[in-house]
Amino acid sequence: MESSVRVMDRAFDIIELLSKENHPMNLTEISKATGISKSTAYRLLKAMNIRHYVEKDNNGCYYIGIKLIEIVSYHINGLELQTESKPFLSELRSELNLTVHLGILEAHEVIYIEKLDLYPTTRLYSQVGYRSPAFCSSMGKCLLASLSGDELDEALYNCTFEEFTPNTITNMKDLKKHLKKVRQQGWAIDDEEYIMGHRCVGATIFDYRGDAIASISASGHVAQMSDEKLPIIIEHVKEAASQISRRMGYLEN
């Protein structure tokens, strides 16, 4: 029996062949071009077809599937997102004198993929690669608010709703009510819900399809983000998110 590494190696050979040839190929052509037996090639193609890494047309020919295209697109878009966002994040930091973040949603967590600290102030807890609970972060709320009811239930399926502070939302019913408000106003706030003494305002970034792909935030101590200052902070964060969205191809109504 072939080792799992060898099987994967042959699967990659097929994927690379289909990518290079850039046209549908039948089983015989694939077997001849890769040197893989027809029986093995058939098993690999069947497995990859089930998961949409390759697709099969009406003539029995195979071509690169949508799943592989999606994976590549996510990677490219992620790099593009960080590149396009950086100037606007830098400007936002300078305008507000606050630490700014860029994050994406993964299940019930937000992953910080960019952070610009405000020096020489004390650094906040977050760093690039840091994960925080989405339900009590401004960036997370923005992205959760973009999900359908079923998508939200799935994203938060394993969420424990830990009570980090007295202000933390601790159940799905209250969160859904709160997210409805986030959708209506177009921004979200973490009002000392994750760390006492810390506030954060976030807004959503959309791509050319109108999909929510990321969010940004401005964070600081409550003294830096007082009730009097919040309206200005909110407008600046929303405008920065809107500018980044336009750079990602989003057309506002």
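Numbering follows UniProt numbering, in which position 146 of the sequence shown is assigned residue number 146; successive positions increment by one, without gaps. For every residue, glycine included, the Cβ atom is placed at its ideal position computed from N, Cα and C. Small disclaimer: the values here were computed from a predicted structure and weren't measured.
With a Cβ-Cβ cutoff of 7 Å, do residue i and residue j count as a contact?
i    : j    : result
S148 : F206 : no
A212 : K238 : no
I189 : S137 : no
F161 : N171 : yes
L96  : L116 : no
T34  : D57  : no
E55  : Y63  : yes
L81  : A214 : yes
V201 : A223 : no
For residue i, does the count of other Cβ atoms within 10 angstroms reach 16, so buried, or fall short, so exposed?
i    : result
I232 : exposed
S37  : exposed
R199 : buried
M196 : exposed
F135 : buried
V5   : exposed
E252 : exposed
S94  : exposed
M225 : buried
Y157 : exposed
Y194 : buried
H23  : exposed
T121 : Low per-residue confidence applies at T121: pLDDT is 47, beneath 50, and the placement is therefore not dependable, though the value from the model is reported in the following sentence. The residue is exposed, with fewer than 16 neighbouring Cβ atoms inside 10 Å.
S31  : buried
Here's a check: name, in chain order, each residue in its chain whose Cβ is nearer than 7 Å to the Cβ of residue i, leaving out the five neighbours to either side.
i    : result
G210 : Y250
L179 : K141, L144 and A145
K67  : R51, H52 and Y53
D191 : N167 and R199
A11  : L44 and M48
C61  : P24, M25 and N26
R183 : A145
Looking at the structure shown, is residue i part of a helix, part of a strand, or coil, going by DSSP?
i    : result
S37  : coil
R209 : coil
M87  : According to the sequence displayed, residue 87 carries Pro and not Met. Of the three classes helix, strand and coil, the one that applies to P87 here is helix, per DSSP.
I64  : strand
T165 : coil
I30  : helix
M25  : strand
A134 : helix
Y112 : strand
P120 : Only weak support is given to the placement of P120: the predicted model assigns it a pLDDT of 48, under 50, and the value that follows is read from those uncertain coordinates. Coil.
S94  : helix
I216 : strand
R51  : coil
Along the alpha helix (DSSP H) that carries residue i, what are the first and last residues, could you check?
i    : result
K173 : M172 to Q185
E239 : L230 to R247
D9   : S4 to E21
D191 : Not the alpha helix (DSSP H): D191 falls in the beta strand (DSSP E), residues A188 to D191.
E154 : G149 to A155
What residue range does the beta strand (DSSP E) around residue i cover?
i    : result
S138 : It is not in any beta strand (DSSP E) - S138 instead sits in the alpha helix (DSSP H) that spans S138 to A145.
H101 : T99 to E106
E55  : V54 to K56
If I measure Cβ to Cβ from residue i and keep anything under 8 Å in the same chain, skipping five residues before and after, which residues do I get?
i    : result
L152 : L144, K176 and L179
M8   : none
E109 : R131, S132, P133, A134 and G140
Under 6 Å Cβ to Cβ from residue i, same chain only, skipping five residues before and after it: list those, please.
i    : result
Y112 : H101, G103, S126, V128 and Y130
E91  : none
S85  : L102 and I244
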